[in-house]
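Residue numbers (this note's numbering): 982 to 1112.
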């Protein structure tokens, strides 16, 4: 098991963000190399990897969890109160079966809505290898 410790911060106190979808991708199509075990989505909680829709393409595996259908209604709201430590953890656990030459890039994308319901995305990537 490998823990990927992602987090996001909200820029100002008394602000919030409406998350409507979380997508994790790995740049391999070999499902024997990486398995999504669980993901923490703040405001939702830890989700088993089976809660994510898995799609396998020729060059990547994509796991998607949809909280709401691109709408402020039903989205998961992260709020930063005054004096809050301002760290919203998206800890992800994957199971790896890598050969010594394998290098896999894993990307987290957090889709959120602006107050006018325009879609925006935050993303970050990590590189995983057997060594």
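Built from N, CA and C at the ideal position, the CB exists for glycine as well. Here the structure is a predicted model, which is why all the values come from computation and not from measurement.
- Residue 1038 holds the alpha-carbon nearest to the alpha-carbon of residue 1010 among 1038, 1069, 1057.
- Following the DSSP letters along the chain, one finds residue 1107 inside the beta strand (DSSP E) bounded by residues 1100-1110.
- Beta bridge pairing from DSSP links residue 1046 with 1003.
- Excluding five sequence positions before and after residue 1102, the CB atoms of its chain that fall closer than 6 Å to its own CB belong to 1090, 1092, given in chain order.
- For a cut-off of 8 Å, the C-beta gap from residue 1020 to residue 1073 is around 5 Å, short enough to register as a contact.
- Only residues of its own chain outside the window of five on either side were considered, and among them 1044, 1089 have a CB closer than 6 Å to the CB of residue 1005, listed in chain order.
- Between residue 1057 and residue 1000, the C-beta spacing is below 9 Å.
- For the 9 Å CB-CB criterion, residue 1030 and residue 1018 form a contact.
- Between the alpha carbons of residue 996 and residue 1094 lies a gap of roughly 13 Å.
- Scanning its chain for C-beta atoms nearer than 7 Å, with the 5 sequence neighbours on each side dropped, one finds around residue 1067 the residues 990, 991, 1061, in chain order.
- When the five nearest sequence neighbours on each side are left out, the beta carbons in the same chain lying within less than 8 Å of the beta carbon of residue 1050 are those of 1001, in order along the chain.
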